[in-house]
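In my numbering, the protein residues as written are 9 to 303.
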């Protein structure tokens with residue numbers, strides 16, 4: 009069990025991430041009109057339980073997950089408690105948690121105020137998700153389109169169009185591509201830069217298709233300090249000291265994030281009505297490891 013100090017540290021970390029996101033979105037004018045719904049795409053960082061309904065080994069509907077969640081029960085979230093997207097939904101005044109779209113117990117209000125299509129172990133690269141039978145980002149987008157039709161049948165086409173256009177869209181993915189996808193594509197892409205460009209094209213296409221489906225307010229999260237993840241630190245355990253991270257994976261994350269940042273103005277120019285915001289998570293995740301006492 010985590011100590012009270014550790015749990016409070018996690019709460020402060022989550023609060024900081026949410027605060028950064030909301031402030032950045034506010035600066036882009038996203039909150040000038042009340043956001044009626046939150047739609048989420050991505051990997052385990054934002055999957056509230058969609059993998060519970062997929063034939064994948066990557067599930068978190070068991071202990072010790074969920075010990076600090078509602079009723080202290082696991083929900084399928086890869087967390088001891090709520091996800092950052094749950095806090096965002098609360099911050100926007102929508103609801104306490106963002107449910108998984110594949111949950112068969114969804115209510116009308118659940119659907120109207122937004123859902124998550126995210127699937128743990130997925131990425132921008134379809135092959136990354138296919139390796140673990142997760143739902144690829146492209147598959148998540150297809151689910152969203154089915155949701156759009158379902159929403160129109162529930163509230164009428166006019167109201168559905170308003171919810172879709174005024175809703176906030178968040179995508180958090182890419183880490184699994186850099187840790188799993190690159191290894192799977194090693195023969196196809198000889199250099200990391202080539203694979204990153206491939207991922208960038210996939211990210212670009214995803215946002216364009218989301219825009220075509222009606223989205224106008226989109227935030228996408230960069231990849232964290234991948235070299236600070238336990239699995240990467242353990243891989244280099246003989247050379248990494250306390251509070252240090254694996255350098256090569258971190259450099260890969262930095263270079264990919266730089267490319268994502270450069271993509272933003274191009275998409276804004278291409279899609280004039282799009283309010284697109286890149287959200288930095290790298291520096292926060294790195295700081296948690298290097299300065300744990302702050303959290």
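Virtual Cβ for every residue (Gly too), placed ideally from N, Cα, C. Remember, predicted model here, so these are calculated numbers, not experimental data.
Please identify the residue among 61, 191, 224 whose C-alpha is closest to the C-alpha of residue 109.
As a first step, residue 109 must be located in the chain shown, where it is residue number 101. Checking every option, the nearest Cα to that of residue 109 belongs to 61.
Which whole runs of the alpha helix (DSSP H) in the region 89-119 are 4 residues long or more, in chain order?
92-99
I'd like to know whether the C-beta atoms of residue 286 and residue 262 end up nearer to each other than 8 Å.
Your numbering for residue 286 matches position 278 in the chain shown. Your numbering for residue 262 matches position 254 in the chain shown. In this structure, residue 262 does not lie closer than 8 Å to residue 286 by Cβ.
How close, in whole Å, do the beta carbons of residue 93 and residue 52 come, if the pair is a contact with beta carbons under 8 Å?
The residue given as residue 93 occupies position 85 in the chain shown. The residue given as residue 52 occupies position 44 in the chain shown. Their Cβ separation, rounded to whole angstroms, is 12 Å, which puts residue 93 and residue 52 out of contact at 8 Å.
What number of angstroms, rounded off, separates the C-alpha of residue 88 from the C-alpha of residue 106?
If you number the chain shown from 1, residue 88 lands on position 80. If you number the chain shown from 1, residue 106 lands on position 98. Computed Cα separation, rounded: 16 Å.
Could you tell me whether the region 57-75 touches the region 140-154, where touching means 3 or more Cβ pairs closer than 8 Å?
yes
Buried or exposed for residue 239, going by 16 or more other Cβ atoms inside 10 Å?
Walking along the chain shown from the start, residue 239 turns up at place 231. Exposed is the call here.
Let me know if residue 164 comes out buried or exposed under the rule of 16 or more other beta-carbons within 10 Å of its beta-carbon.
For the purposes of this step, residue 164 is identified with residue 156 of the chain shown, where counting begins at 1. It counts as exposed.
First and last residue of the beta strand (DSSP E) that includes residue 180?
The residue you call residue 180 lines up with position 172 of the chain shown. 176-180 is the span of the beta strand (DSSP E), which, as asked, contains residue 180.
Are there three or more Cβ pairs, one per stretch, closer than 8 Å when the region 198-216 is compared with the region 70-88?
no
The alpha helix (DSSP H) spanning residue 43 covers which residue range?
Residue numbering aside, residue 43 sits at position 35 when the chain shown is read from its first letter. Element bounds for residue 43: n/a, residue is neither H nor E.
Determine the contact status of residue 288 and residue 222, defining contact as a CB-CB distance below 8 Å.
Start at 1 with the first residue of the chain shown, and residue 288 comes out as number 280. Start at 1 with the first residue of the chain shown, and residue 222 comes out as number 214. No, the pair does not count as a contact, with Cβ atoms beyond the cut-off.
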